[in-house]
Every structure is written in C-alpha cells, then in structure tokens.
Amino acid sequence: MALVPGRPVLADHTRGGSAVRYDSITEAIGNTPLVRIDPAVHGLSNIDLYAKLELLNPFGSVKDRAAWNMARPHLTAAASEEGGQVVELSSGNTAKALAVLAGMHGLTFKSVTNRMRIPEIKDLLLLLGAEIEELPGQSECLDPTATDDPLTLFHRTLSEPGSTFLHTDQYFNPRNTEAHFTGTGPEIVKDLDGRAPDWFIACVGTAGSSTGVARALREHDPAVRVVGLVAAKSDFVPGIRTIDEAHEVGLFDPGTYDTIETVSADEAIEGMLTLNRRCGILAGPTGGAAYFGAIRQLKSLDAELTERQSAVFIVCDRVESYLSYVRQRRPDLFGRPRRATSPADLTDAEIRTAPAIGVTDAQAWIATGEPIVIDLRSPYAFAALHIDGSVNIVDELFEELLHGGLPFSRTRPVLLACPVGEKSARYAALLTRLGHPDVRSLTGGIIAWRDAGAPLVRD
Amino acid sequence: MGGQPLYLAPRLGPRLRSLLDTPELLHTLTDALGSPLNVILPDQLADNLRQFRAVYDTHHLSGQVFLAHKANRSSALLRRLAATDAGVDVASLGELQHALGAGLTPDRITATGPKNPEFLWLAARTSVTVSLDTRGELEQLATLVRGHALPRARVLLRLSGFETSGVRVLTRRSRFGTPVAESAALLDAVERHADVLDLVGVAYHLDTTSLAEKAVALEGCLRVLEECRSRGLRPRAVDIGGGFGVNYLADGGQWERYTTALTEAVLGIRPPLTHGGHGYGLRNESGTLRGTLGLYPAHRPIAGARYLDELLSHPAASLGGRPLAALLLEHLYDLHIEPGRALLDQCGLTLTRVLEVRDQEADGPLAVRLAAKADDVALEDHGVLMDPVLVPEGSPGPPVPVHLFGNLCLESDLITRRTVFLPRRPAPGDLLAFANTAGYCMDFHATRAQHQPAAPKAAAWQEGGRWRWCLDDQYWPTTPVGGAQ
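Just so you know, the protein sequences line up as chains A and B, in that order. Here numbering that gives the first Met the number 0 is used: position 153 in the first sequence is 152, and no number is missing along the way. Here numbering that gives the first Met the number 0 is used: position 295 in the second sequence is 294, and no number is missing along the way.
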C-alpha cells in the first residue's frame with residue numbers, strides 16, 4: 000500500500016464520517032451512505048439488500064475516489080510546470096472528476112476517447128473547461144499490417160521526452176483499485192457493523208471499484224461472493240465494458256469474480272426505473288444494471304436460504320446525465336400528449352389538397368407585392384441564396400409559432416417555400432386549417448425555382 | 000479442437016444463394032476455365048444501385064452515384080452499369096478508357112486519384128469531371144486545357160484536414176486533397192483560371208467507418224461551398240466519396256462469439272483459433288489484452304445504403320443541428336457518392352478447387368491445399384473473415400477444422416490464417432466458393448507469381464429460371480436474351 004502514514008487520503012479517514020464542515024470539496028469525497036432497499040420493492044425475503052450510494056460523491060460518481068487518489072500525489076508537481084495537463088482515456092465520470100480536480104489546481108484537462116456516446120456528459124465536460132479528443136474510427140480500406148493504431152500513437156505522445164502530461168491511466172493504475180480497497184470497501188464493512196456482506200455485486204468498467212472492494216471485503220471474510228456484471232456484446236450500457244473490452248483493462252482479473260454475468264441496456268434501464276421511482280434513489284443506468292444484476296442473482300437463491308444474508312451493490316452515478324440515452328431506448332417513458340396544431344396531425348388528404356402555386360405563377364404573384372414570402376429553410380441556407388424580399392422562419396421555429404395560433408394577419412397572403420415543396424405543403428395545410436384564407440405552397444420548392452431559372456439572391 | 004466449432008457463415012443474397020445451389024454449373028465452369036475463377040453477377044449491381052437511389056429519394060436529394068471502378072476490373076460490371084443511370088469514378092488512364100469503352104458518357108464519369116498527364120488530357124478532352132487533389136494539379140490542368148485548346152474543364156476540389164470546434168474529432172491524415180485551411184488560395188486559383196475551369200463543387204473521401212468524422216467533413220465542405228458562393232462562383236455539388244461498407248456475415252452472434260473466443264485464445268484461456276496462434280493484431284501482455292483487432296467489422300448491420308441514410312440523418316453540430324441531408328437540400332446542392340465495395344455487395348464469388356487434403360496431428364485441423372494463391376482471394380488482405388462454401392455441400396457430418404493453404408511455394412501463402420470449420424471432410428476435386436469477393440477481393444491484389452494463373456472472370460445471369468454465363472469480356476447488356484430490346 001502506497002499510503003503515506005499519517006497523511007489521510009479520503010474524508011472518512013480524517014473525519015470519521017461525522018464532520019460536515021470541510022476546508023476543501025475534495026474532503027467530501029467518499030464516506031457515502033449505505034441504504035437498505037425496501038424488501039417490498041425487491042421481494043427477497045431472506046436477504047437484506049443494500050445500495051452503496053456513490054452517486055453522493057461531490058462530483059457525482061464513484062469515480063471521484065479513484066480520480067482523486069490517482070491524481071493527488073502528482074497535482075502539485077504538475078501545476079508547477081508550464082502548460083501542465085491532466086490526460087485520461089475516459090468518456091464519462093472519471094473525465095468529469097479529473098476535469099474538476101485539474102481546474103482546482105490550475106491545470107487543464109484533456110479527455111481522449113473512442114466515442115463520447117452520452118451527449119450530456121460531453122457538454123458538461125466542455126462546460127468544465129475540458130478538452131475532448133475523439134479518436135478516429137476504424138479504417139474502411141483496412142491495412143491489416145498497420146500497427147500505428149490511434150491508441151498506440153496516443154501512448155507514444157504521452158511518453159515523448161519533455162512532455163508535461165499527467166496521465167492518470169485509470170485502466171492500469173493500482174491507485175484506482177487502492178481508493179476502493181482503503182475507502183469504499185472498509186466503509187461497507189463499518190456500516191454493516193463490522194461484517195462483510197455475503198454478496199457483493201458490481202459493474203465492471205475500469206474494474207477499480209469491484210476489485211478494490213472485493214479485496215477489502217475478502218480480507219475481512221474470505222467467503223464473500225463477488226458478482227461482476229458486464230454489458231452484452233452488441234449493447235451499450237454507460238460505464239460498463241463488454242467481456243472483450245474488460246480483457247483490455249490492466250486492473251481486470253477474472254479471478255476477482257466468482258461469476259461474471261451479462262446485463263443488457265434494457266435491463267439496466269428497468270433496474271434504474273425501480274431505483275428512481277420506488278426507492279428514491281436517483282441512480283443512472285449503471286446503478287440500475289447493478290440493481291438488476293443483484294436481484295437476478297439473488298432471487299433463485301433467496302427461497303432456499305434458512306438464515307439471513309446480506310448483499311451490497313454499488314450505485315455508480317446519477318440519472319440526470321442519461322436522459323438522451325434513455326429517451327433513445329425507451330421513448331415511451333417520455334410520452335407527452337401531442338399538441339393540437341402540429342404538422343404531424345395532418346391527414347394525407349389535407350396535405351395533398353393544400354393550396355399550391357407553380358414557379359411561373361408565383362413569380363407573377365410576388366410581383367403584385369401582395370404575398371409575404373416565408374422561406375422555411377435554415378438560416379445558413381437562406382443566407383446563401385433566397386428569393387428576393389423573402390422572410391426566413393426556419394421550420395422548427397415556425398411550428399412553435401403556430402402552436403400559439405396564426406402568426407400573421409388573415410388579410411395578408413402568404414407564400415411558403417422550402418427545398419422541394421414538401422414541408423411547405425404541410426404548413427400550407429396547417430395554416431389553412433387555422434383559418435388563413437390565402438396561403439400557398441411553392442410547388443417543387445426553391446429547387447424548382449432555381450431549375451426554372453428564376454432569380455435567387457444573396458444580401 | 001478446443002470446444003465448439005466457430006462458424007462465420009457468409010451472408011448470401013438470393014442470387015448468390017441460387018448460384019451456389021447449382022453445383023454442376025460451378026464445376027463445369029472451373030473444369031473449363033480453371034481454378035481460381037471469379038464469377039460476376041452484373042444484375043446485382045443494378046439492384047444495389049436502386050437501394051442507394053431509394054435513400055436519395057427519402058431525403059429528396061438529387062445527384063449521382065459513381066461506382067469506384069478500382070474495386071473491380073470486370074467489363075461486365077461496367078457495361079451493366081452503363082445500362083443504368085449511374086456513373087463511374089475512375090482513378091487511372093486505363094480505367095477511364097475502359098469506362099468510355101463500356102458506354103459511360105463523360106457526363107457520368109469522374110476522374111480522381113493520382114493523375115499523370117495522359118490521364119488528365121483524356122479526361123479534359125472528353126469533358127469528364129476531374130477531382131483535383133492539389134493546387135499544383137489545378138495549375139497543371141489549366142495549362143493543359145489552354146495549351147491543347149481543350150474545352151473548359153469541369154472540376155471538383157478535393158479537400159481534407161477538416162477542423163472541428165468544441166470536441167476535436169481526430170482523423171487519419173489523408174495524402175489526398177487540399178487542407179481546408181489552404182482552400183482560400185485554391186479558390187483564388189479557380190477564379191484566376193475561370194476561363195478554362197468550371198467549378199462543379201467540392202469533394203472529400205475519408206478512409207474511416209466513423210460517421211462523426213464524415214459529418215465533420217461534410218460540414219466543412221458546406222462552409223467552403225458558401226465561401227465559393229460569396230465569391231460569385233456557382234458550385235452545385237458535394238462529392239462525399241465512398242466507404243459505406245458491406246455486411247459480410249449472416250449471423251451477428253457468430254461474429255460476437257468468434258471475436259470473444261479470439262481474445263480468449265490470445266490470452267491463452269482457450270486453444271488457438273488460428274494457424275500458428277496468430278492474433279490478428281491482438282497480443283497478450285502479462286494477462287492483459289493489448290493491440291488493436293486488425294479485422295474488418297464483418298458483421299455490420301448498418302452498411303451500404305443504410306450507412307448513407309444514417310450519415311444523411313446525422314445532425315450537423317456546427318450548423319444548427321439540422322440533419323446533413325436537410326442542409327444539402329436547403330443549400331440546393333447535389334450529393335455525389337462513390338461507393339465501391341458497397342455497390343458491389345453480393346456481385347460475385349471466387350471459386351477454388353481442392354487439390355490436396357492432408358491430416359496433420361491427430362484431431363488437429365486438416366491441411367487443405369487449394370488451386371489458388373492467397374492473393375486470388377484477397378478477403379484476408381482486407382481483414383474480412385468469412386467461411387467458404389463447400390460445393391457440393393454433401394451430407395453434413397461432424398464439423399471438420401481445416402487450414403487453407405495456397406499453391407505458392409511459400410510458407411506464408413495461407414488463404415486465411417483462421418482455422419476454418421467445414422460441414423464435412425473435403426476431398427480433392429471439391430470446390431470451395433468464397434462469397435462476396437467482387438469488391439476489392441478479386442483482382443486488386445492478384446498476381447501471376449511463380450507463373451501461377453490469375454483468376455479469369457465469367458459473368459453469370461438468370462434467364463427463365465436458369466443460370467446462363469459467358470466470359471466477362473463477352474458480356475454486353477444485349478447478351479442476355481431480351482437484353483437487346
């Protein structure tokens with residue numbers, strides 16, 4: 000163990016978990032509560048199931064512990080160097096924690112990632128001042144002899160002489176595991192009145208938390224059974240690796256786990272909803288996966304038990320960052336009543352019979368000076384080329400306006416234009432339904448207008 | 000052989016399936032024309048084209064689909080293409096001559112890639128659109144057109160080195176194209192040579208499977224086109240190149256099982272799955288998997304026309320988040336694409352004859368020698384792992400592991416390094432058919448090393464419920480009965 004005697008690492012060591020006044024936010028890392036899940040929710044009669052609420056760490060996840068433990072010894076030295084930068088391969092919570100820690104110490108942070116798949120986390124990282132680099136995708140015309148894959152190149156850059164990078168290397172750094180061996184694991188034992196649980200269930204990401212906690216628990220009681228959860232191979236659950244990806248992790252040792260089980264994205268969301276809606280725990284999908292995996296593992300066993308057992312799973316982070324992830328997979332959860340005046344309500348017949356006008360007639364009509372010409376394309380396209388005298392209201396905005404009723408007087412004729420006359424027909428139909436007496440769609444749209452040789456201008 | 004057989008069954012469309020169900024014909028063909036033999040299915044090309052056109056229709060886009068000629072040298076494919084409304088992308092003087100000779104008119108041809116003066120001259124002489132890589136090439140073409148009093152040349156500017164803001168999307172450096180940062184000088188040159196050059200639009204081609212990188216490039220092109228318009232130029236098109244990919248395998252589960260087993264084999268958890276324990280780029284460093292899997296993602300549900308659809312639906316982050324298709328449409332640009340592999344999906348197969356079947360160690364894989372060199376079946380060169388089909392199929396027995404060797408006097412002449420499982424023990428005289436080789440895997444790499452033959456090509460088509468064939472060079476759209484009408 001690389002701990003300096005007398006030099007506390009985690010909050011619980013310094014405060015015994017009781018103080019609430021800190022000198023630095025980093026002291027609030029760790030010492031998270033262990034909360035019992037109501038048996039009425041999980042349905043197990045002989046097992047007490049506890050959630051270790053890592054989502055209550057100050058930067059929002061279990062990774063706060065590892066990030067702080069890995070970066071802390073080097074931050075001061077890195078900050079004294081010109082242009083010092085913390086670098087990590089992370090697309091999520093470790094990046095978030097490191098970005099905060101780097102900023103607190105006057106350093107910049109760069110996250111290098113294969114794919115940032117969660118847009119909210121990407122935006123949050125940018126907000127925190129992080130730099131994000133996405134590695135290139137696989138070559139389509141593959142050269143199987145090429146050895147300079149992007150990751151190799153990344154490591155080469157880090158080890159160049161004179162580099163001022165502080166690479167925390169979460170997948171290989173033993174201080175990742177150590178944070179949990181000295182923190183998370185002992186906290187669980189302490190909160191269970193000095194006993195290790197019979198079961199420990201954890202998702203495998205960097206394998207840091209599962210390995211560290213498992214080691215601490217087993218040191219206390221070698222009989223603890225550890226369940227590792229990985230994502231199904233074709234699936235994506237944030238914070239969890241597939242079994243193949245786990246093999247790429249230096250900290251991952253299959254021997255840590257008594258069993259390794261697969262969990263799908265749907266199951267993770269199912270578990271998450273139970274925690275969110277029934278337990279008051281605002282866990283994200285990773286915590287949901289751990290809950291789902293725990294129940295699945297324990298259910299069959301529960302009936303045969305003659306004495307009480309206990310189980311602990313980790314709630315990694317919070318739900319708020321995953322709304323788009325959930326929306327993509329479970330749009331039903333976001334079902335909102337459809338608003339009345341929306342182009343989606345129109346019947347095919349309404350669209351087909353929407354009043355329209357061809358290019359030649361439209362030119363003559365515009366020449367009378369009567370109609371207002373509304374161009375529904377994006378402002379970029381409008382700025383490039385448009386019909387002289389037209390007004391640009393991009394379709395999304397126009398739809399919003401129409402929710403509130405007609406945005407212009409009934410006495411003013413309207414000519415609607417879009418690229419090919421499809422969207423304009425929908426809106427012409429909608430305006431007609433709203434009672435506008437003289438609205439027309441430009442047949443064939445701006446493309447037909449151009450192809451007919453009618454003038455388009457830039458301002 | 001440690002555990003369950005690991006199959007990687009090829010995805011076979013109705014045409015390839017039907018052809019493989021006529022073993023007599025395939026044996027007759029190889030008896031007459033020799034092994035290896037490439038069989039081309041020209042009609043499939045037209046079907047694939049329709050799928051791409053359907054995506055254009057969904058997004059209301061216009062523009063041309065250009066077959067990347069370099070993927071296959073077949074005349075039958077090019078002549079069949081000429082009978083559709085699609086175009087061809089040529090990358091050499093020979094390819095341009097071939098395309099013109101196959102009946103593709105200059106308005107349906109784009110010249111790309113490294114060019115010599117002869118190639119440039121013929122392209123300009125025939126008014127083929129030329130995709131220019133550098134300012135030097137632009138100057139060269141302008142001089143050529145003036146010096147030889149050629150018609151005003153239609154040009155595309157190929158760009159590279161696209162920049163992003165916010166998230167930095169890294170991409171491999173391309174040796175083709177002009178960096179976007181230097182596009183201003185390029186446009187100055189276009190304006191200076193306006194009397195001899197007519198700017199059609201801009202182009203990019205990125206060698207990546209990543210949608211995000213391509214979206215960044217397309218956004219970059221739109222910005223350059225906007226710059227063109229502000230200079231008073233009137234570009235009409237964006238050419239986004241190819242790289243839409245092919246789904247080679249029938250079963251995603253097989254692919255997942257195989258790749259998992261391969262990582263386990265590399266880590267020593269299970270016996271090797273390859274000749275000599277080859278790891279396809281993966282290696283074991285003290286129990287941790289290192290390296291990168293150097294394999295084509297052979298099971299790829301989103302490939303070809305579906306990939307194009309995804310790309311066009313991708314939101315343009317720097318341009319208000321509207322889908323790329325909507326931006327192209329609103330800016331009134333035509334979309335040109337240059338698929339090679341994807342347009343030739345299911346367009347042919349390679350037949351090889353089994354010469355020798357030899358037992359190696361007990362229960363180990365059989366050594367099977369084929370009348371073909373590894374470069375005749377270039378799937379492995381492209382990192383594509385896919386089972387060959389045994390012809391005739393025979394009655395299935397217990398699966399038989401084999402290693403497939405080529406006929407060169409060279410240790411490394413392996414058709415694939417993978418241990419392949421066949422549904423029965425093969426015998427000399429059997430055929431092994433490698434499906435779906437028309438895109439890059441037929442003649443791109445084939446040599447005549449050691450005076451071994453390179454595979455000839457035959458074109459095959461269905462007529463009145465039966466398969467008909469001719470030599471590739473004999474095929475014209477009039478060849479099938481009814482084709483002349």
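Ideal Cβ placement from N, Cα and C applies to all residues, glycine included.
Just reading off the alpha helix (DSSP H) that residue i is part of, what are its end residues?
i: A/Y426; result: 422-432
i: B/P338; result: Neither: B/P338 is in no alpha helix (DSSP H) and is coded neither H nor E.
i: A/A178; result: 173-178
i: A/Y290; result: 284-301
i: B/P41; result: 41-57
Is the beta carbon of residue j closer than 8 Å to that of residue i?
i: B/V38; j: B/L343; result: no
i: A/V203; j: A/A195; result: no
i: B/Y203; j: B/G244; result: no
i: A/S355; j: A/T442; result: The sequence shown places Ala at residue 355 of chain A, rather than the Ser named in the question. Taking 8 Å as the Cβ cut-off, A/A355 and A/T442 qualify as a contacting pair.
i: A/Q296; j: A/I200; result: yes
i: A/M103; j: A/Q169; result: no
i: A/V456; j: A/D374; result: no
i: B/L266; j: A/H246; result: yes
i: B/S34; j: B/A371; result: yes
Determine, for residue i, whether the minimum Cβ-Cβ distance to residues of chain B falls below 8 Å.
i: A/G463; result: Chain A is shown from 0 up to 458; residue 463 of chain A falls before or after that span and cannot be answered.
i: A/V229; result: no
i: A/V203; result: no
i: A/P418; result: yes
i: A/Y426; result: no
i: A/R449; result: yes
i: A/L405; result: no
i: A/R351; result: no
i: A/E159; result: no
List the residues of chain B that residue i touches, going by C-beta distances under 7 Å, in chain order.
i: A/H385; result: Result: empty, since nearest Cβ-Cβ is about 10 Å, beyond 7 Å.
i: A/A264; result: Those do not exist, as A/A264 stays about 15 Å from chain B at its closest Cβ, beyond 7 Å.
i: A/S233; result: G251, E255
Using a Cβ cut-off of 7 Å, pull out every chain A residue sitting near residue i, in sequence order please.
i: B/E212; result: P135, G136
i: B/T262; result: D243, H246
i: B/L66; result: Under the 7 Å cutoff, chain A gives no residues; its nearest Cβ is about 16 Å from B/L66.
From residue i to residue j, what does the alpha carbon distance come to, in whole angstroms?
i: B/A31; j: B/D358; result: 30 Å
i: B/A141; j: B/L198; result: 12 Å
i: A/G368; j: B/G231; result: 28 Å
i: B/L48; j: A/C278; result: 54 Å
i: B/A85; j: B/G100; result: 16 Å
i: B/L323; j: B/F161; result: 16 Å
i: B/R233; j: A/A447; result: 17 Å
i: B/R282; j: B/K114; result: 40 Å
Does any residue of chain A have a CB that is nearer than 8 Å to the CB of residue i?
i: B/D197; result: no
i: B/H444; result: no
i: B/L331; result: yes
i: B/M0; result: Only weak support exists for where B/M0 lies, its pLDDT of 43 falling under 50; the coordinates are left without a value.
i: B/A483; result: Reliability of the predicted coordinates at B/A483 is poor, the pLDDT of 43 falling under 50, and no value is obtained from them.
i: B/D106; result: no
i: B/H59; result: yes
i: B/L5; result: no
i: B/T207; result: yes
i: B/T273; result: no
i: B/L169; result: yes
i: B/G242; result: yes
So which residues of chain B does residue i contact, with C-beta pairs closer than 8 Å?
i: A/T90; result: Sequence inspection shows Ser at residue 90 of chain A; the Thr mentioned does not correspond to that position. What A/S90 touches in chain B: nothing, since even the nearest Cβ is about 11 Å away.
i: A/K121; result: V166
i: A/L150; result: T291
Note down, in chain order, every chain A residue with its Cβ under 9 Å from the Cβ of residue i.
i: B/P296; result: Q137
i: B/V38; result: Chain A residues near B/V38: none, gap ~24 Å exceeds 9 Å.
i: B/E225; result: Y379, A382, A383
i: B/G267; result: Near B/G267 there are no residues of chain A at all, since even the closest Cβ is about 11 Å away, more than 9 Å.
Beta strand (DSSP E) containing residue i: first to last residue?
i: A/L127; result: Counting along the chain, A/L127 falls outside any beta strand (DSSP E), and DSSP gives it neither H nor E.
i: B/I108; result: 108-110
Under 9 Å Cβ-Cβ, which residues of chain B neighbour residue i?
i: A/F457; result: Looking at the sequence itself, residue 457 of chain A is Arg, so the reference to Phe does not match. Going along chain B in sequence order, the residues near A/R457 (Cβ under 9 Å) are R228, S229.
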